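Q:
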Amino acid sequence: MFKRSKVTDASATGQDPDADLNREVGIKKKSRVPGVMITQYIEELPEGKTHPDFTRKPIALTIQEGKFAYFKAIVTGDPQPTVTWSRNNGDVSDTARYQTKYDPNTNDHTFEMPNVMPDQADTYKCFAKNEFGQAVVTVVLNVIEVGFNKNAAQKPAAEAINGNFKNVLKRKSKVLSKSEQPERKDGEIDPRFWELLLSAKKKDYEAVCAEFGITDFRWMLKKLNEIKKEREEEQAEFVKSLSNLKPMQFSSESSASFEIDMDLIDPSSSVFIYKDGVMIPYTKDMGEQMKHTLKQVGRKFIFSMKDLLPDDAGLYQLDVEGVNMFSTDFKIPMVDFLVKIQEVKAVERQDAVFECVLSNPFSKTLWFGKNLPLEQGDKYDILVSDDKLIHTLVVKDCMIVDKGIYSVCAGIKSCNAWLVVEADKDAQKGKKSVRKTTKAGGSGMDLKKLAEEQQTKLVKEREEIKEQIKAVAVAPPPPTAPEPEPEPEAPKDPEPEIVKEPDPPVVEEVKPEPVITCKLSDVYVLRGNPADLTVKIDIDCDSSWFKDGEQLNSSSEVKITKAGTSHNLSIRSCSEDDSGVYRFETGSVSTQGKVTVGVVPEFDPDDLHKFSKPVIVRVGQNAAFKMPLTPQEGLVVSWFKDGAELNDGGGVKIVREPNHSRLLLRDCLRTDAGEIKIQLKNPFGAVEATSRLIVLDKPGPPEGPVEVVESTSTMIEIQWNPPKDDGCSPVTNYVIERQQERQSHWMKLGDVLADKTSFRDRNVAHGKIYNYRIYAENPQGVSDSLETADSIMAGILILSGPPGAPTLVSATKTCITLTWTPPEDDRGVPIIGYQLEKRKKDTNKWIALNALNEPIEDVNYAVKDVTEGAEYEFRVAAINESGAGDPSPPSEMVCAKNPNMRPCFKDPEDFIVVRAGNSVRVNICYEAEPPPQITWLRNDEPISPWISVINTEGMSQLVIPSSKRSDSAIYTIHAKNSVGEASFDIEVRVTDEPKSPGPVELEQTVQDKVMISWAPSPDQELDDRLYYMVSQHDSNTRVWRNIADRLFTNTYTASKIYPGREYHFRVYAKNDVGLSDPSESPTWGANSNRVPISSYGVVSSEISFERPPSILVPLKVHTPPKGYQLYMTCAVRGCPRPTVAWYLNDVCINSDKNYYITNSCGVCSIYILRVRSIDSGDYRVVALNSLGQAECSTKLIVRE
């Protein structure tokens, strides 16, 4: 039921003569049309009666002053409602300015304002009333003032009424209407040129200049920048930003639009649209009556224009408060279709072709398929001939879903045709047919020939126009018009003449003419019934009867009688032949009437039986009723729902055809269910047929409240009532879900049949709290839920006893750690955690430190939400399934501060190395309470003044801005407070990269060993941490490797020095900062710097070049494909020349003919013409002479 409330009619003064008395108690009702407010005066309406409602409400209107404005509405109701109009701020009783009209044929109520003025801008109301209720709707009228200026006074209304708009037009744009445009002087540029350039993109500048004949681009750009700067300053007063300027383009064959993104400073600023300098009216709603629409979506403004005509071409401008924001030139091409597209019948997987020929070249046409725009792509090919006259659309690989209507638009002209796609009969069942290579469709004409003829015709017309222009140019000037003759003076008023009155006429006696006192009227008679026509006159006289111009006489079927001044014609049994125009004549007077013979409308019995079956639909679906009819003249078809007549509009669609009538109810709701009746009515009677609409829906929620039948520690039983609305489909079962308190998850417990409205939950835990919700289910779906109003506890609430009072473990300025003991009595329910509370000193409020659903599982807790220096006391409560129990006694007051402690240093570094010139920063962290006094010493003496010390809480920093070697020392930090003191030493070493050592000398004392000695680095005396590193390079390996490191002496003996090799040595100085440049040694070779070594006691001084073999370039890994050639090489050196042997998997292959092996000047090669799978393996090269041997190996992998 609707909530009843007192409703007061908020009518304006003069709106309702009984406004002061009309205060009734009503029920608020909801209309199908949004924005309509309905008040029903009585709770239950009589059968067949309805309250007023709107099937079409008025649409908001924005219009220019001086134009014709009107609102239109359609109302329903039985009895017929009375419609009145009013406005919020004013009176509408002036019939010169407000006119109310009603059209009974269309049922339209119109409220007209012929010459709308700014003072008529207001919110208007439309009232529809009858004895059962009232419907009200509001609508806004906005009037655009001509020449509106915020700072100027408003012009008198009379001036606007007289149409004198020229005096009040104050646009800043120089583009004016043709009537106001001053005559342009020679050489003066059209102002439209600058307006178009201001809104155009840079790439379009050349085209705009070509259109207006501008050739000096440099001057144009300079002038344009000046105008643009002025325009941007004007625009900045009303808009924050302006972007995305899109020119006007065709959106379909009958509409065009442009759009811009504009952020208004004042959203209420007036926006005007001009065409060629003339303001045009528009509406903000997509109504059917207005040609122009300006729609705003956020910051985007979209102007659209429908029902295009050639006169709609021109310059369109959008202004805000008189300042131009955007200009676009809209051109409508003068083009028509010489050949239109034709219907195409295609088979599946075949291409369909649509072709057309235009009368004039056109670069791009718009193609549409089933009302959707088509673009070039994989599905569609859009082709244009070179002369731009032939336009073609190819629909590739047609399928059944591609069938429909396709159309092409060229400007404001369009044509369309059907694409019919038939199934491929040759395709195998269950398999997709093969793509066809043929094409279907086309115009069936030689379009190229037709296009050539049209092109020739166009060229000829252009030549003729050029000749006419030349002829006009050489023609003599026209003669001047003669001066107009002066107008003759108006004749003077003639003097009045005296007219002599004529003699009175002679009156003769005239016989009185009969007067008909009761005339004939049109009569409708049922077939087979008698009909009487009666005429009465004032005197007794003779008369005659005629039917369709033929005189009638009495017969067996027609009887003519006279009784005094009453004349009667009776038809015994009427038939269709008796229909006609009957005329009665007596003397010179006559009267006539039409007699129509017919029958009452009838339904076909089969159609009536079929219609009487109920229509069953689901919510959201459409319901359709159809009744075949016999065509009759004057037949009126009406549809009713539950006794209320239905009208076309909203969700109701009524279609009347000659042989049938259809009723369509869109998007049915549950309230649409009911009796549907069709009535056929003619002058002879009426007949009705009834059906029923059943709208299936999910049921409504079960009726509450949910009652608790029983609650124990192991079971909860609940009960509810069935839903009031079962959705026209019986409830099959109920679904029950449960949620435990402090949890978000709902768990399904089960289902119960529809005949049972109770449920027993046996899976409950003692002391836990639960919520339940119940759903009703039918074949159409599941209803909304019915939830328990209050949570239900299983059993009785049992809370735990108090724990022990919290005791302090430790306290700092940021954290207080507490502990407590569990309660002595948990009362038989397990404890799941604890809740800790705190109270600040001198306050009474206890603050919980954790929520009940986040219990503390341990018996200790670190409280971090404290303020330094504040004092707190704490208490704790045990939590079980029933909730939090009694709190413990409070703890002692605890202060949030650090405990007193002697200073101590945290992880300090005792040695720091810094490069000379860099700053030295020594950071020492400490802990102490109270804060200590910090002192720094250098070698047990006070530090120098240029050394700064920065002390912060918990840290001290020593800073030397630009260090030198002399700053190296032992720095000591000393911290002291009332508890104790502490100190720490840090060695700071300021150094730099060391200088290179002195010259390097080599000396061999024994075989295979060389003693390396060098002069010390100049920095050795300055840096006690300096040491040396020795690197070696030999001619065999050709790489440098370190052979000694961290040498604190100036000599080193290198071992394993072989004869026949060249050696080089480098000596580096190294410290904590880095490495010095090396000192190079002289070359130590096989024949240089050798000491004589006795051989069997004989000293030999001969030079020897002998050396064992060595591998200079080793073999590489190869992975060739099978069948490819392969070439492997390596380089070998030795004296005497070594012999080289090749091995595959440890088998010598020197004599294998499948391998071509060469050895040229130490370069050993193997060549395989075509590698095989058996060639894979490990290859090894062995070089051997009398002094030794060397070898290298690789792996060969043959890919299949």
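Residues in the sequence shown are numbered from 0 upward in steps of one, following numbering that gives the first Met the number 0.
Yeah, the Cβ is synthetic: ideal placement off N, Cα and C, and Gly gets one too.
Note that the coordinates shown come from a computational prediction; the quantities given were computed from them, not determined experimentally.
1) Give the C-beta separation of T595 and Y523 to the nearest angstrom, bearing in mind that I take them to be a contact with Cβ-Cβ under 8 angstroms.
2) Just how far apart, CA to CA, sit P878 and I846?
3) May I ask you to report which of helix, strand or coil DSSP gives D984?
4) In the stretch 735–787, which residue ranges form an unbroken beta strand (DSSP E) of at least 3 residues, counting only runs that do not cross its ends?
5) Which value, in whole angstroms, describes the spacing of the CA atoms of T214 and D118?
6) Pick from R1037, Y1057, N1041: whose alpha carbon is nearest that of V1009?
7) Measuring CB to CB, does I399 end up less than 8 angstroms from L392?
8) Any heavy atom of the ligand FMN within a distance shorter than 7 angstroms of the CB on K1152?
9) List the DSSP bridge partners of F610.
10) Could you tell me the boundaries of the beta strand (DSSP E) in which C903 lies?
11) Tell me the residue span of the beta strand (DSSP E) that contains K640.
12) By the three-class DSSP mapping on this structure, what secondary structure does L1195 have?
13) Below 8 angstroms between beta carbons: does that hold for L1001 and P1077?
14) Where do the ends of the beta strand (DSSP E) carrying I715 lie?
15) For P1120, which three-state DSSP category applies?
16) Measuring only the C-alpha atoms, how far is I1165 from T1118?
17) Which residue's Cα is closest to the Cα of S569: I791, T811, S553, V383?
18) Residues in the same chain with beta-carbon distance under 7 angstroms from S578, minus the five sequence neighbours each way, listed in chain order, please.
19) Could you check the C-alpha separation between Q427 and I404 for me, to the nearest Å?
20) In terms of residues, what are the limits of the alpha helix (DSSP H) holding R691?
21) Could you give the distance in angstroms between the alpha-carbon of S384 and the alpha-carbon of L314?
22) In whole angstroms, what is the alpha-carbon distance linking Q341 and A439?
23) By Cβ distance below 7 angstroms, which residues in the same chain neighbour V651 in space, the five residues on each side in sequence not counted?
24) Determine, using beta carbons only, whether A59 comes closer than 8 angstroms to chain C.
25) How is I830 classed by DSSP in three states: helix, strand or coil?
26) Can you give, in chain order, each stretch of the beta strand (DSSP E) that sits fully within the stretch 811–880 and has at least 3 residues?
27) Could you give the first and the last residue of the continuous alpha helix (DSSP H) run that contains I226?
28) For A764, which residues from the same chain have a beta carbon less than 7 angstroms from its beta carbon, with the 5 sequence-adjacent residues on both sides left out?
29) Restricting to Cα atoms, I'd like to know which of G766, G699, Q739, Q550 is closest to D783.
30) Is K1200 helix, strand or coil when you go by DSSP?
31) Who are the near neighbours of K344 in its chain, counting only those whose CB is closer than 6 angstroms to its CB and skipping five residues on each side?
32) Sorted by chain position, which residues of the same chain lie with C-beta nearer than 7 angstroms to S965's C-beta, five sequence neighbours on each side aside?
33) If we ignore side chains and look at the alpha-carbon of each, how far apart do H973 and F983 end up?
34) My guess is that L957 and I946 are in contact by the Cβ rule of under 8 angstroms, so how many angstroms apart are they, rounded?
35) In this structure, how does DSSP classify I26 when only helix, strand and coil are distinguished?
36) Can you check DSSP and say which residues form a bridge with F126?
A: This is what the structure holds:
1) 5 angstroms
2) According to the sequence shown, residue 878 is Ile rather than Pro. Cα to Cα, the separation comes out at about 16 angstroms.
3) strand
4) 746–752, 757–760, 768–777
5) 50 angstroms
6) Y1057
7) no
8) Absence of the ligand FMN from the depicted structure is noted, as is the absence of any ligand whatsoever, leaving it without description.
9) Its beta-bridge partners do not exist; DSSP assigns none.
10) 900–905
11) 635–640
12) strand
13) no
14) 715–720
15) strand
16) 15 angstroms
17) S553
18) V594, T595, V596
19) 29 angstroms
20) No alpha helix (DSSP H) holds R691; the beta strand (DSSP E) holding it covers 684–695.
21) 31 angstroms
22) 11 angstroms
23) L645, L664
24) Judged by its chain identifiers, the structure shown contains no chain C, having just a single protein chain.
25) coil
26) 815–818, 832–839, 859–862, 870–879
27) 216–234
28) A793, E880
29) G699
30) Past the edges of the chain, shown from 0 to 1199, lies residue 1200, and the structure says nothing about it.
31) V419
32) none
33) 7 angstroms
34) 7 angstroms
35) strand
36) T83, V135
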